[in-house]
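**Student:**
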Amino acid sequence: MKKIILTAFLTLFTCAIVLAQDYTTPNTGVTWTLDDIAAASPSTITISGNEYTLLGNLTIAENDTVIINTDLTLFIDADLLITVFGTFTVDSNEVIFTALNENAPYAGFRFEEFSVIDIQSAVIQYGGGLRVLTETFSLDNSVITHNVSGATTSAVIQLSRGMPQITWNTITFNELPAIGSAANSQVSAYIFGNYISGNNKANSNRPQINLGTTMANQPLQIIQNLIFGDPASDQAGGIAIANFVGGSVNVVIEDNIIRNNRYGITILGNVDSAEITNNIIEDNNTQGDPNLGGSGINLNSSTVGPDVIVSGNEIRRNLWGITLQGSATINLGDDAGNAGLNVFSENGNGGVVYALYNNTANPISAKHNCWIEGQQSTPEQVEDVIFHSVDDPTLGEVTFEPFLCGVLGIADNTVENFSFYPNPVKNEINFNNIFSFSTIEIYGIQGNLIVSSAISEGQNTLPVNLSSGLYFVNFSNDAQTVTKKMIVE
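Throughout, my numbering is defined as the position within the sequence shown, counted from one, plus 518.
1. What are the partner residues of residue 649, as DSSP defines its beta bridges?
2. Would you call the CB atoms of residue 769 and residue 732 closer than 8 Å?
3. In the DSSP assignment, what residue or residues form a beta bridge with residue 681?
4. What runs of the beta strand (DSSP E), each 3 residues or longer, lie entirely inside the segment 560-595?
5. Could you tell me whether the segment 945-958 touches the segment 984-997, using the rule of 3 or more Cβ pairs below 8 Å?
6. Where do the ends of the beta strand (DSSP E) carrying residue 1007 lie?
7. For the segment 657-677 against the segment 937-956, are there 3 or more C-beta pairs whose distance is under 8 Å?
8. Is residue 539 helix, strand or coil by DSSP?
9. Could you check which residue in 553, 708, 579 and 574 has the C-alpha nearest to that of residue 1011?
10. Alpha carbon to alpha carbon, how far is residue 881 from residue 785?
11. What residues in its chain sit with their C-beta under 6 Å from that of residue 634, if we drop five residues either side in the sequence?
12. Can you have a look at residue 569 and say buried or exposed, based on whether 16 or more other CB atoms are within 10 angstroms of its CB?
13. Should the segment 552-566 be called in touch with the segment 615-626, which here means at least 3 C-beta pairs below 8 Å?
14. Quick check on residue 552: does DSSP put it in helix, strand or coil?
15. Quick check: the Cα distance between residue 810 and residue 756, rounded to an integer number of angstroms?
16. If we count the other Cβ atoms within 10 Å of its Cβ and call it buried at 16 or more, is residue 926 buried or exposed?
17. Report buried or exposed for residue 801, applying the criterion of at least 16 other Cβ atoms within 10 angstroms of its Cβ.
18. Residue 912: buried (16+ other C-beta within 10 angstroms of its C-beta) or exposed?
19. In whole angstroms, what separates the C-alpha of residue 601 from that of residue 766?
20. Give me the residue from 849, 878, 887 and 837 with the minimum Cα distance to residue 868.
21. Given this structure, state the Cα-to-Cα distance separating residue 724 from residue 761, to the nearest angstrom.
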């Protein structure tokens, strides 16, 4: 009897496998939910409460729309792919796309050209990434984590064209780089406010943001992101923009914090327009080999082109501060439109500090910068941290005077210089409340108030129990308010 029952069970199990099938929506202009797809094809999607399971490849046809606007988890079986030719919208408080078995990832998502994609507040994990062939793509306030090669092979979010929007996301611990595009793709993405950390777990020679050429008249914008490396992945850089095949490079890299990567920012090839401003670029030295990397900023071009404008950056503790190769050109400060105001500190290798290494024949204007942070320097001391024609007559001269720097004085002790430590944060922050602030408030990246607490004058400690990411901290009293970024590890 037991043998008969076991045989019947195996027969039913085999039938279940056979019945699971791929499904394509009817292409008749329908707007469907996952429940509608499950009703049309029960062997493709099954439902248990707010848990859905995808058992076959799903294709959304050109004229159809699928909307997910309720909280749910979609478990996806191994190697399955969601392909969209039409419209795919995710907009709820929490939608999770994950593998049915975390050790057997699904193939991921493929968004075809002319599809319309809008994904909000989703978690996408243990799959094969997002292959974005459309230019109508928005990914906001989502978590992209622990994905592997699948639908994409070069970045977990692989872009192809246009002006995709990638904003306020957490992109962490993926096998591939976080965001990428092909060398000739002409992508001018808007990459804003993301927490990007520990990607390229495969430890290949690629950065966490790895992009090719851009649109001619629209800039690629990489703004206010946190780009943190994992020292164990010592081949992973921070940001690279490469023009190997000819085309436009029009880029703005502004107000990012870039730490603990193999290098900070590199631009390879010819540039039409590039601005690198107000970034904090620190400790990008994980590989430890100055012959292979470690620059805070590296420019390498085969022809002389428009100057890359570099101003207001804080560049500290990289193996090199800024390096120039080939025929690359840069403007680090002049007496016209570029105020300079870059700050350099402790960038060096082999016991020598290299704030700027001009390994080109081009003269460089580099006025109004602080070359040795925290001290009043002499021209001779500044000369010691700049490598140029004085050191090798075949190289171009760097004009670095006038220069700035000094220890913070009483006149500079304003509310804008107020700070807390440590940052990044693990368990708590500490600060000396010398400005008599009465309230501290912590906000999420969407502007939602998370913590509000009264504080006293003098030394304060505030416990922090928040998930990893970027937050904003307001210190205020009746007369003034200051807002600081806070990074939680």
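By construction, the Cβ of each residue, glycine as well, lies at the ideal position given by its N, Cα and C atoms. For clarity, every value in this text was computed on a predicted model and none was experimentally measured.
**Tutor:** In short:
1. 628 and 676
2. yes
3. DSSP, once it has assigned bridges, lists no residue as partnering residue 681.
4. 563-566, 569-572, 576-578, 583-586 and 590-594
5. yes
6. Segment: none, residue 1007 is in no beta strand (DSSP E) and carries neither H nor E.
7. no
8. coil
9. A query on residue 1011 cannot be resolved here, the shown segment of the chain reaching from 519 to 1007 and no further.
10. 19 Å
11. 605 and 654
12. exposed
13. no
14. helix
15. 14 Å
16. Any reading at residue 926 is ruled out, since the residue's pLDDT is 44, under 50, leaving its predicted position unreliable.
17. buried
18. exposed
19. 30 Å
20. 837
21. 15 Å
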